[in-house]
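Accompanying notes for the structure given below.
Residue numbers (our numbering): 9 to 532.
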């Protein structure tokens with residue numbers, strides 16, 4: 009009895025589940041003088057073994073024996089019929105299947121089920137009673153009592169493990185919320201980085217589902233194979249995707265059930281959760297464990313949902329920060345525009361008038377011509393400054409059209425090795441209505457796309473002007489040109505856009521002579 013109490017006390021010395029299971033087997037062997045002991049943990053189906061912890065067999069013997077048991081024969085019988093079982097010889101039972109090669113011989117056997125809160129957790133297997141003979145009824149009683157205590161210890165270890173998991177998830181959520189990304193940090197990268205450790209995943213992916221729901225684009229990834237899939241579009245299971253997006257609840261599955269088997273190679277269990285920032289489209293957080301690793305715990309399912317709530321908040325805060333920075337930028341632009349208008353232009357204008365007054369002091373033709381040239385340059389400088397003022401003036405609530413034009417030109421020529429020349433003139437930001445602006449931006453993108461991808465040009469000029477109640481876009485390149493330009497579908501679309509707004513498209517191109525595109529539409 010003293011040994012039994014010592015064994016029970018030993019189970020309470022550590023709250024790590026793996027340590028508790030190891031001590032259960034060691035204590036059982038000591039308690040009944042068994043040479044070999046093992047604890048088999050029941051799998052999710054309840055009829056097979058997912059883990060097998062042994063005592064008495066060293067690493068070399070394990071290697072010679074090969075794979076661990078999975079629940080066949082007498083070992084599986086205790087899962088199907090969870091009652092204590094004593095045998096001698098072990099091979100005499102009808103369910104005995106024998107031993108694999110290099111397995112040590114075993115005659116006497118004692119098996120006892122372990123229950124946790126009434127459900128079968130696994131079984132204790134003890135063999136080869138030291139000194140020979142069979143395990144006794146007293147041995148069975150002792151091990152049954154130890155198994156009951158083990159059930160309590162395992163439950164406590166599970167609770168501790170769940171608490172530890174929750175703590176890790178909450179810590180990651182708090183750190184994520186506190187680390188508001190700077191300009192150089194994408195919040196999506198922060199999300200996958202912080203999700204990796206608490207989930208125990210080998211791969212964390214931030215994905216955005218396409219409109220048709222059949223493809224998800226991997227926007228950010230962390231962990232193994234992250235570099236292979238980031239910025240890739242992957243077909244996904246509609247069943248899983250719809251369940252997550254419609255219910256908002258995380259879903260557990262296998263990676264092979266989520267994506268194509270080829271894409272799922274090297275991945276095991278998967279957890280898919282939804283992120284729903286206000287004012288944005290829903291996204292997905294996908295966590296995958298390595299093949300053969302334990303599946304996700306129910307706690308992971310609950311905490312992933314909480315983590316995604318914090319992640320969505322982080323995305324909202326990042327968006328808010330960007331908007332605040334944009335407001336500061338707009339205010340600074342207004343100040344610069346005001347200074348340019350009130351100070352610089354007035355000084356240039358005064359300088360031009362003073363220069364004109366010099367004409368009466370000289371009648372030489374060369375001097376008169378020089379005064380005319382300098383005056384013309386001053387007028388040009390004033391015009392360019394006014395254009396700059398127009399592009400700097402901004403509505404505090406949204407990005408102005410001139411800024412969107414600049415961004416469209418930058419994005420449209422990002423793949424080229426040169427920088428295009430851009431000129432914006434007239435009241436672009438104040439006079440161009442939204443409908444015309446959207447068509448204008450689309451034409452800029454399409455026109456630049458053709459110039460960059462098809463013309464082999466090394467110089468492109470883009471000019472946008474709002475004048476005489478019309479907006480005029482001109483795109484010129486020095487590329488190879490082409491015959492029958494409007495036969496191209498993209499360019500035909502530009503003509504259709506002009507006609508829709510009661511405007512015109514003038515397109516001139518010839519092989520070897522570049523291309524000139526002029527798109528003009530009325531503002532009203």
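Beta carbons: idealized from backbone N, C-alpha and C, even for Gly.
Q: Return the chain-ordered list of same chain residues with a C-beta closer than 6 Å to the C-beta of residue 195, the five sequence neighbours on each side being excluded.
A: 189, 322, 323, 326
Q. What separation, rounded to the nearest whole angstrom, lies between the Cα atoms of residue 134 and residue 63?
A. 9 Å
Q | Local Cβ density within 10 Å of residue 375, reported as buried at 16 or more and exposed below that | A | exposed
Q) Helix, strand or coil for residue 207 per DSSP? A) DSSP places residue 207 in helix when its eight states are reduced to three.
Q: Check whether the segment 202-217 touches the segment 169-179, counting contact only when three or more Cβ pairs, one atom from each stretch, lie closer than 8 Å.
A: yes
Q) residue 514: which of 86, 508, 502 sits nearest, CA to CA? A) 502
**Q.** Residue environment, residue 487, which counts as buried when at least 16 other CB atoms sit within 10 Å
**A.** It is buried - the Cβ of residue 487 has at least 16 other Cβ atoms within 10 Å.
**Q.** Cutoff 6 Å; reference residue 78; Cβ partners in own chain excluding five residues on either side
**A.** 56, 57
Q: Enumerate in chain order the residues of its own chain whose CB-to-CB distance from residue 125 is below 7 Å, with the five nearest sequence positions on each side excluded.
A: 163
Q: Measure the alpha-carbon distance for residue 153 versus residue 70 and round it to whole angstroms.
A: 29 Å
**Q.** Sheet register partners of residue 31 (DSSP bridge)
**A.** None; residue 31 has no bridge partner.
(Q) Taking 8 Å as the threshold (C-beta atoms), are residue 244 and residue 267 in contact? (A) yes
Q) Applying the criterion that 16 or more other CB atoms from any shown protein chain within 10 Å of the CB defines a buried residue, is residue 468 buried or exposed? A) buried
Q.
Quick check on residue 91: buried or exposed, where buried means 16 or more other Cβ atoms within 10 Å of its Cβ?
A. The residue is exposed, with fewer than 16 neighbouring Cβ atoms inside 10 Å.
Q. How would you label residue 466, buried or exposed, when you count the other beta carbons within 10 angstroms and need 16 or more for buried?
A. It counts as exposed.
Q. Cα separation between residue 424 and residue 249?
A. 38 Å
Q. For residue 104 versus residue 81, is the C-beta spacing smaller than 8 Å?
A. yes
Q. Three-state secondary structure (DSSP) at residue 195?
A. helix
**Q.** residue 459 and residue 528 closer than 8 Å at C-beta
**A.** no
Q.
Please classify residue 475 as buried or exposed, where buried requires at least 16 other C-beta atoms within 10 Å of its C-beta.
A. Exposed, because fewer than 16 other Cβ atoms sit within 10 Å of the Cβ of residue 475.
Q: Select from 30, 74, 241 the residue whose C-alpha is nearest the C-alpha of residue 155.
A: 30
Q | For residue 519, the three-state DSSP class (helix, strand or coil) | A | If DSSP states are grouped into helix, strand and coil, residue 519 belongs with coil.
Q. Do residue 442 and residue 531 have their C-beta atoms within less than 8 Å of each other?
A. no
Q: Identify whether residue 89 lies in helix, strand or coil by the three-state DSSP scheme.
A: coil
Q: Within 10 angstroms of the Cβ of residue 50, are there 16 or more other Cβ atoms? Answer buried if so, exposed if not.
A: buried
(Q) For residue 480 and residue 445, I'd like the C-alpha separation in whole angstroms. (A) 11 Å
Q. Hey, residue 232 and residue 211: beta-carbon distance below 8 Å or not?
A. yes
**Q.** Reduced DSSP category for residue 284 - H, G, I as helix; E, B as strand; rest coil
**A.** coil
(Q) Please state whether the Cβ-Cβ distance between residue 379 and residue 368 is less than 8 Å. (A) no
Q) How would you call residue 241, buried or exposed, if buried means at least 16 neighbouring beta carbons within 10 angstroms? A) exposed
Q) Looking at residue 238 and residue 224, is the spacing between their C-beta atoms short of 8 Å? A) no
Q: Please state if the CB of residue 170 and the CB of residue 28 are separated by a distance shorter than 8 Å.
A: no
Q: Excluding the 5 residues preceding and the 5 following residue 98 in the sequence, name in chain order all residues of the same chain whose CB lies nearer than 8 Å to its CB.
A: 82, 104, 114, 115, 116, 117, 135
Q: Could you check what DSSP says for residue 59 in three-state terms: helix, strand or coil?
A: strand
Q.
I'd like to know whether the C-beta atoms of residue 393 and residue 456 end up nearer to each other than 8 Å.
A. no
Q) For residue 382, which of helix, strand or coil comes out of DSSP? A) Of the three classes helix, strand and coil, the one that applies to residue 382 here is helix, per DSSP.
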